[in-house]
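In the numbering used here, the protein residues as written are 7 to 479. We put the beta carbon where it would ideally sit given N, CA and C, even for glycine. Below is one structure, written out as structure tokens; the observations come after it.
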């Protein structure tokens with residue numbers, strides 16, 4: 007047994023895996039209450055007239071603030087309560103909201119009505135709310151630390167998968183302890199290099215002793231043999247309310263991805279989900295949504311696309327559009343369309359992944375990629391039924407051959423239509439290597455397994471944030 011001393015931001019409650027959602031909901035509810043209180047107080051102080059009844063302007067302002075806070079990534083627990091990022095993001099968001107709201111008031115017909123008093127309320131309210139939002143997040147952080155600093159998890163098993171799981175906990179700066187019970191008591195020198203103070207040793211036979219200790223959860227590694235007594239111990243822990251996970255499930259729950267190296271055919275056979283693969287109703291809803299949204303977007307974005315086309319033509323010689331063969335549903339190739347972002351004949355030496363500061367990318371092409379504008383012509387691929395708005399990004403057939411050989415279950419991504427954006431695109435930075443493809447597949451498998459209309463909405467919102475923050479490639 008190896009006991010790794012570190013702190014977990016996931017806590018010791020038996021509802022540990024629900025903490026991020028709870029914290030996000032807590033912060034959002036706190037922001038809504040804070041906005042109403044701030045608006046009421048500032049209205050009374052400034053105009054000596056408290057807010058009463060339904061005011062569309064006030065409701066719109068609250069919605070704008072919440073949207074700005076979300077796009078600034080202030081509701082993600084792991085980032086929101088991490089050091090000084092929260093105050094900086096809140097200050098920037100409040101400043102932008104002030105400018106937008108002032109512009110709306112100025113351009114609206116109610117300028118004469120709101121010009122003096124409402125602008126005063128706006129400035130005072132945002133100042134008070136900014137302080138409130140920062141304090142709220144500091145309180146959430148302190149509450150989290152005080153409540154969950156004693157959390158302890160058990161990891162049963164060893165090997166590379168156990169090491170990666172432990173590294174994941176370390177990377178996420180946890181606040182509790184991870185106890186690894188290895189088979190035959192073998193040590194894990196790889197972990198000792200990461201955490202030099204490791205000194206405890208033990209094996210799976212110690213499980214019954216550890217089961218008497220306060221635990222937050224148990225993770226069972228892959229390809230591990232458990233005796234009948236050990237299975238009974240796990241069952242007793244489960245009946246006490248302590249969650250017991252298989253290794254793929256804990257990655258899915260905590261990290262929102264499914265590393266394919268952890269998966270086996272048996273896991274797929276007994277796992278729930280994957281409705282997007284076989285459920286006709288889900289497929290029809292998704293297709294209906296694709297047609298409706300792309301139809302609207304094609305009209306709204308047509309002027310922008312015309313302007314982009316002219317800029318591309320003026321920037322460098324060559325066509326405006328660029329097409330490539332990509333792998334689509336069930337592995338069938340199709341032609342995808344994009345705005346040209348590279349110089350003409352950029353691939354005369356053959357297909358190759360784009361790299362950081364790729365010399366083949368034009369000046370305009372760089373910004374098209376950062377803002378994801380180069381993907382807009384794929385709206386036509388969605389309308390034709392070859393793609394969806396949301397799904398795994400289609401890969402080139404030349405790369406697919408190598409990736410299928412190197413990455414387990416890579417072909418699973420062919421079970422759904424490829425998308426313009428996806429779960430991997432909003433949670434993982436742009437990459438162009440075998441390791442990046444492995445990580446992206448983990449997020450793609452999570453999406454395929456857990457598809458829902460709400461998850462698609464979340465991806466759309468996160469995509470907007472990625473574009474606004476310039477996190478494209």
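Rounded separation between residue 72 and residue 63 - CA only: Here residue 72 is taken as the residue at index 66 of the chain shown, counted from 1. Here residue 63 is taken as the residue at index 57 of the chain shown, counted from 1. Between residue 72 and residue 63, the C-alpha separation is close to 14 Å.
DSSP beta-bridge partners of residue 339: By one-based count along the chain shown, residue 339 stands at place 333. DSSP lists 333 as partners of residue 339.
Residue interval of the beta strand (DSSP E) (run including residue 186): Numbered from its first residue, the chain shown carries residue 186 at position 180. 183-187 is the span of the beta strand (DSSP E), which, as asked, contains residue 186.
Rounded straight-line distance, which links the Cα of residue 235 to that of residue 431: Residue numbering aside, residue 431 sits at position 425 when the chain shown is read from its first letter. Residue numbering aside, residue 235 sits at position 229 when the chain shown is read from its first letter. About 44 Å.
Of the residues 139, 341, 67, the one placed nearest residue 105, counting alpha carbons only: To locate residue 105, count along the chain shown from 1; it is residue 99. When only C-alpha atoms are compared, the closest one is 67.
Residue closest to residue 329, alpha-carbon to alpha-carbon, out of 335, 320, 348, 323: As a working note, residue 329 is residue 323 in the chain shown. When each option's Cα is compared against that of residue 329, the closest is 348.
Residue 308 burial status per 10 Å Cβ neighbour count (16 or more: buried): Numbered from its first residue, the chain shown carries residue 308 at position 302. By the 10 Å Cβ count, residue 308 comes out exposed.
Whole-angstrom distance between residue 288 and residue 314, CA atom to CA atom: Mapped onto the chain shown, residue 314 falls at position 308. Mapped onto the chain shown, residue 288 falls at position 282. Rounded to the nearest angstrom, the two C-alpha atoms are 35 Å apart.
Residues of its chain near residue 343, where Cβ-Cβ distance is below 8 Å and the 5 sequence neighbours each way are ignored: Against the chain shown, residue 343 aligns to sequence position 337. Excluding residues within five positions, the ones whose Cβ falls inside 8 Å are 327, 328, 329, 383, 384, 386, 387.
Cβ distance (whole Å) where residue 449 is taken to contact residue 263 below 8 Å: Reading the chain shown from its first residue, position 443 is the one you call residue 449. Reading the chain shown from its first residue, position 257 is the one you call residue 263. At roughly 5 Å, the Cβ-Cβ gap stays under 8 Å, so residue 449 and residue 263 are in contact.
Local conformation of residue 100 per DSSP, three classes: Reading the chain shown from its first residue, position 94 is the one you call residue 100. Reduced to three states, the DSSP call for residue 100 is helix.
Residue 252 - DSSP class collapsed to helix/strand/coil: In the chain shown, the residue the question calls residue 252 occupies position 246. Three-state result, residue 252: strand.
Endpoints, alpha helix (DSSP H) assigned at residue 161: Along the chain shown, read from residue 1 onward, the residue named residue 161 stands at position 155. Looking at the DSSP string, residue 161 is not in any alpha helix (DSSP H); the run it does join, the beta strand (DSSP E), is 158-162.
Where residue 38 sits in the DSSP three-state scheme: One-based indexing of the chain shown puts residue 38 at position 32. Residue 38: helix per DSSP, three-state reduction.
Beta-carbon gap between residue 454 and residue 283 smaller than 8 Å: To locate residue 454, count along the chain shown from 1; it is residue 448. To locate residue 283, count along the chain shown from 1; it is residue 277. Contact flag set, yes.
Alpha-carbon to alpha-carbon, residue 172 and residue 162: Locating residue 162 in the chain shown gives position 156, where the first residue counts as 1. Locating residue 172 in the chain shown gives position 166, where the first residue counts as 1. Distance between the alpha carbons of residue 162 and residue 172 is about 11 Å.
Burial state of residue 305, where buried means 16 or more other Cβ atoms lie within 10 Å: Counting from 1 along the chain shown, the entry for residue 305 is found at position 299. Residue 305 is exposed by the Cβ-count criterion.
Of the residues 214, 408, 48, 33, the one placed nearest residue 140, counting alpha carbons only: Here the question's residue 140 lines up with position 134 in the chain shown. Checked all of 214, 408, 48, 33; the closest Cα to residue 140 is 33.
Rounded straight-line distance, which links the Cα of residue 351 to that of residue 230: Here residue 230 corresponds to residue number 224 of the chain shown, with the count starting at 1. Here residue 351 corresponds to residue number 345 of the chain shown, with the count starting at 1. So the two alpha carbons sit approximately 53 Å from each other.
Same chain, Cβ closer than 7 Å to residue 21, neighbours up to 5 away in sequence not counted: Residue mapping note: residue 21 aligns to position 15 of the chain shown, counting from 1. Since pLDDT at residue 21 reaches only 47, below the 50 mark, its modelled position is unreliable, and the value read off the structure follows with that caveat. Excluding positions up to five away in sequence, the list is empty.
Beta carbon of residue 389 nearer than 8 Å to that of residue 300: Counted from its first residue, the chain shown places residue 389 at position 383. Counted from its first residue, the chain shown places residue 300 at position 294. Contact: yes.
Residue 339 vs residue 403 beta-carbon contact at 8 Å: As a first step, residue 339 must be located in the chain shown, where it is residue number 333. As a first step, residue 403 must be located in the chain shown, where it is residue number 397. Yes, they are a contact pair.
Reference residue 42; option with closest CA among 96, 77, 132, 75: Within the chain shown, numbered from 1, the residue matching residue 42 stands at position 36. For residue 42, the nearest C-alpha among the options comes from 132.
Cut-off 7 Å between Cβ atoms - residues of its own chain near residue 103, not counting five sequence neighbours on either side: As a position in the chain shown, residue 103 is number 97, starting the count at 1. Answer for residue 103: 70, 71, 74, 132, listed in chain order.
Distance, residue 439 Cα to residue 471 Cα: As a working mapping, residue 471 is identified with position 465 in the chain shown. As a working mapping, residue 439 is identified with position 433 in the chain shown. Going by the C-alpha atoms only, they are around 25 Å apart.
Minimum length 4: unbroken alpha helix (DSSP H) runs contained in the segment 414-471: Here the runs fully enclosed are 429-433, 440-456.
Reduced DSSP secondary structure (H/G/I, E/B, other) of residue 395: On the chain shown, residue 395 is found 389 positions in, with the first residue counted as 1. Reduced to three states, the DSSP call for residue 395 is strand.
Where residue 209 sits in the DSSP three-state scheme: Sequence index remark: in the chain shown, residue 209 carries index 203 (1-based). Of the three classes helix, strand and coil, the one that applies to residue 209 here is strand, per DSSP.
Local Cβ density within 10 Å of residue 401, reported as buried at 16 or more and exposed below that: Within the chain shown, numbered from 1, the residue matching residue 401 stands at position 395. Buried, by the Cβ-count rule.
Span separating the alpha-carbon of residue 251 from that of residue 261: For the purposes of this step, residue 251 is identified with residue 245 of the chain shown, where counting begins at 1. For the purposes of this step, residue 261 is identified with residue 255 of the chain shown, where counting begins at 1. The straight-line gap from Cα to Cα measures roughly 14 Å.
Proximity to residue 334 [Cα-Cα], best of 215, 460, 419: Along the chain shown, read from residue 1 onward, the residue named residue 334 stands at position 328. Of the listed residues, the one whose Cα sits closest to residue 334 is 419.
Beta-carbon gap between residue 240 and residue 225 smaller than 8 Å: The residue you call residue 240 lines up with position 234 of the chain shown. The residue you call residue 225 lines up with position 219 of the chain shown. In this structure, residue 225 does not lie closer than 8 Å to residue 240 by Cβ.
For residue 286, the first and last residue of its enclosing alpha helix (DSSP H): Position 280 of the chain shown holds residue 286. 286-306 is the extent of the alpha helix (DSSP H) around residue 286.
Residue environment, residue 435, which counts as buried when at least 16 other CB atoms sit within 10 Å: Your numbering for residue 435 matches position 429 in the chain shown. With fewer than 16 other Cβ atoms within 10 Å, it is exposed.
Rounded separation between residue 366 and residue 372 - CA only: Reading the chain shown from its first residue, position 360 is the one you call residue 366. Reading the chain shown from its first residue, position 366 is the one you call residue 372. Cα to Cα, the separation comes out at about 10 Å.
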